[in-house]
Amino acid sequence: MKLSIVFALFAVIASAADSDAKKKLPTSRGDLANGKKLFENQCALCHGQSGEGGRGPVLAKPRLPRAADDVALAKVVQDGIRGTEMPSADSMSEKEVRQVAAYVRTLGKVSIKPVPGDAAHGKALFGGKGGCAGCHAVKGEGAISGPDLAGIGTKRSAVYLKESLVSPEAAVPDGYLLVTVVSKSGASVTGTRANEDSFSMQVIDGAGRAHSFWKSDLAEVKKQFGKSPMPSYKDKLSAEELTDVVAFLASLKEEK
Ligand code: HEC
Ligand code: HEC
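Counted from 1, the sequence shown has number 186 at position 185 by our numbering; the numbering is strictly sequential.
Rendered as structure tokens:
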């Protein structure tokens, strides 16, 4: 009887110590070295070799909005972020997940430069000279032929955003196929394919107008894989204007 109470007590203490250990990320040199290796193999592709960001956000910063504490960080690495490109860690053991998370925390200890440029001027260019608002909405309001850019500053690094403006074809997300359709009567429309089934196809042109076609009326459909419906701004905006537009995009943070 007495013994079982001692055992029960011991189990409680042991499990408390265990869950404490679960909250704290490992700090030994061996763990961090392994975390670094895993990071370079599995995360750098999107987050950059040193967490400087790329297709995914910058991780080398003191505060990560989606991973405020160590528990949340380990969970993000383990489960990914649903509905985004951030994958779950299916090929890693729990220990490895914690090692990578620990390494990510060390990245945050460096100071990073703020994104340069004049965001207010960038915003004016977005609605004005840049013509971005003709294709992009920010939070639901506006045109739909390009992706909604709300929260883009949380999702993408400044380097990637710049790349999106200069060479849009470098990373075309699924679902934004550029097509040119030519009807049997000779009319042709180029734009983003919005919908397609066996019988019909909808295309949104550069001015944001939707066109609907019966496939039986079409003479030709040219699907331009690897090309973006978005024009390159390399020669349309000056270097300074590009910097300002990137500053504006980087300021579009996801609101909680
Ligand atoms: C295929 C690209 C890709 C890979 C590979 C990837 N990530 Fe991500 N990650 C993203 C994207 C995109 C986001 C932003 C998602 C969002 O918020 O829309 C993200 C978000 C995160 C966040 C949240 C950042 C914040 O600002 O709060 C962390 C932490 C993170 N990733 C860590 C990792 C780690 C660690 C690995 C490797 C085990 C990894 N990621 C692999 C694309 C990727
Ligand atoms: C003719 C329509 C059109 C115009 C004009 C346009 N875009 Fe785009 N944009 C798109 C489409 C379609 C995509 C998705 C395909 C791609 O990434 O290339 C896209 C992608 C993007 C992306 C990448 C989004 C992501 O999550 O990867 C950014 C950033 C962007 N546009 C910003 C801008 C800015 C800023 C301007 C103005 C300077 C602009 N766009 C003008 C149609 C347009």
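Positions of the beta carbon are idealized from the N, C-alpha and C atoms, including for glycine.
Just so we're clear, the structure is a prediction, and the values are computed from it rather than from any experiment.
Short check: CB of T244 to CB of G118, under 8 Å?
yes
Q.
Classify K156: buried if its beta carbon has 16 or more other beta carbons within 10 angstroms, exposed otherwise.
A. buried
* Could you give the residue range of the beta strand (DSSP E) that holds T191? -> 189 to 197
Buried or exposed, going by whether 16 or more other CB atoms sit within 10 Å of the CB of K258? Past the edges of the chain, shown from 2 to 257, lies residue 258, and the structure says nothing about it.
Look up E142 in the DSSP assignment and give the residues it is bridged to.
V139
When the Cβ atoms of the region 31 to 40 are set against those of the region 95 to 103, are three or more pairs found closer than 8 Å?
yes
Given this structure, state the Cα-to-Cα distance separating M87 from N42, to the nearest angstrom. 15 Å
### Query
So does E86 have its beta carbon nearer than 7 Å to some heavy atom of ligand 1?
yes
_Between the alpha carbons of A17 and K76, how many angstroms are there, rounded?_
Confidence in A17 is poor, its pLDDT being 49 and thus under 50, which makes the residue's placement too unreliable to answer from.
### Query
With 16 as the cutoff for other CB atoms within 10 Å, does T85 come out buried or exposed?
exposed
Legend entry - Strand pairing of F214, partner residues [DSSP]: M202
query = How about T193: is its Cβ closer than 7 Å to a heavy atom in ligand 2?
reply = yes
### Message
Could you compute how far the alpha carbon of M2 sits from the alpha carbon of S94?
### Response
Only weak support exists for where M2 lies, its pLDDT of 49 falling under 50; the coordinates are left without a value.
Look at the alpha carbon of L39 and the alpha carbon of V222, and state the distance between them as a whole number of angstroms.
44 Å
Counting only runs of 3+ residues fully inside the region 56 to 144, write out the beta strand (DSSP E) ranges in chain order.
none
*Regarding C136 and ligand 2, is the C-beta to nearest heavy atom distance less than 7 Å?*
yes
Q. Run through DSSP, which three-state label would A17 get?
A. Its pLDDT being 49, under 50, A17 is placed unreliably by the model, and the measurement read from it follows with that caveat. A17 falls in the helix class under three-state DSSP.
Original post:
Span of the alpha helix (DSSP H) holding S165?
Top reply: 159 to 167
Can you determine whether any heavy atom of ligand 1 sits closer than 7 Å to the C-beta of L74, and answer yes or no? yes
* C-beta atoms of V160 and G55 nearer than 8 Å -> yes
ask   = What do you reckon, are the CB atoms on R194 and M202 nearer than 8 Å?
value = yes
K224 - containing alpha helix (DSSP H), residue span: Careful: K224 lies outside any alpha helix (DSSP H), inside the beta strand (DSSP E) at 219 to 225.
Margin query: Less than 8 Å between the beta carbons of K254 and G123, yes or no?
Written below: no
Extent of the continuous beta strand (DSSP E) run through T181
179 to 184
Worksheet item: Straight-line CA distance for G132 to L126?
Response: 7 Å
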